[in-house]
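Visitor: Take the sequence shown: its position 83, counted from the start at 1, is 83 in our numbering, and no numbers get skipped.
The beta carbon of each residue, even a glycine, is placed where N, CA and C say it ideally should be.
All values reported here derive from a predicted model rather than from experimental measurement.
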Amino acid sequence: MVEYIKTLDEFKSKISGSKPIIIDFTAVWCPPCRMIGPIFEGLSKKEEFSGVEFYKVDVDEAQDVAKECGITAMPTFKVFKDGQEADEMLGANPAGLE
1 MVEYIKTLDE FKSKISGSKP IIIDFTAVWC PPCRMIGPIF EGLSKKEEFS
51 GVEFYKVDVD EAQDVAKECG ITAMPTFKVF KDGQEADEML GANPAGLE
């Protein structure tokens, strides 16, 4: 199961490591988020992504994290490595996640 990041301090701690992380910025009321969520969870279990950590942020529950990351649309996927944003994808695009 993909873990939720709930605080800004937790977010900063997670992104500061050398291991790449992917965060799904989501909302429970967002239909595209509900569609892509299981696909994101499935990717987290694939052997080819074993070197990547997967997390979710509920933009309503962790508004400070969403604001820090400049989230304006859901779903938004961001990749971080060594404390820096490395990539971003907006929208529910299953092919784009891989």
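Could you give the residue range of the beta strand (DSSP E) that holds E53?
Guide: To locate residue 53, count along the sequence shown from 1; it is residue 53. Here the beta strand (DSSP E) through E53 covers E53 to D58.
Visitor: Only counting the same chain, and skipping five residues up and downstream in sequence, which positions put a Cβ closer than 8 Å to that of K18?
Guide: By one-based count along the sequence shown, residue 18 stands at place 18. The amino acid at residue 18 is misidentified as Lys; the sequence shows Ser. Counting only Cβ-Cβ distances below 8 Å, and skipping sequence neighbours, we find K81 and D82.
Visitor: Would you say A27 and D64 are within 8 Å of each other, going by their C-beta atoms?
Guide: Counting from one through the sequence shown, the residue named residue 27 turns up at place 27. Counting from one through the sequence shown, the residue named residue 64 turns up at place 64. Contact: no.
Visitor: I need the boundaries of the beta strand (DSSP E) containing E88, first residue and last residue.
Guide: What you label residue 88 is simply residue 88 of the sequence shown in a count that begins at 1. Q84 to L90 is the span of the beta strand (DSSP E), which, as asked, contains E88.
Visitor: Could you pull out every residue in the same chain whose Cβ sits closer than 6 Å to the Cβ of I36, ignoring the five residues on either side in sequence?
Guide: Sequence index remark: in the sequence shown, residue 36 carries index 36 (1-based). Answer for I36: P75 and A92, listed in chain order.
Visitor: Could you tell me whether the Cβ atoms of F40 and L90 are closer together than 8 Å?
Guide: Working through the sequence shown from its first residue, we reach residue 40 at position 40. Working through the sequence shown from its first residue, we reach residue 90 at position 90. It is not a contact, given that the beta carbons lie outside the stated cut-off.
Visitor: Are the beta-carbon atoms of A15 and I21 separated by less than 8 Å?
Guide: Stepping through the sequence shown from its first residue, residue 15 is reached at position 15. Stepping through the sequence shown from its first residue, residue 21 is reached at position 21. Before going on, a small fix: residue 15 reads as Ile here, not Ala. Cβ atoms of I15 and I21: closer than 8 Å.
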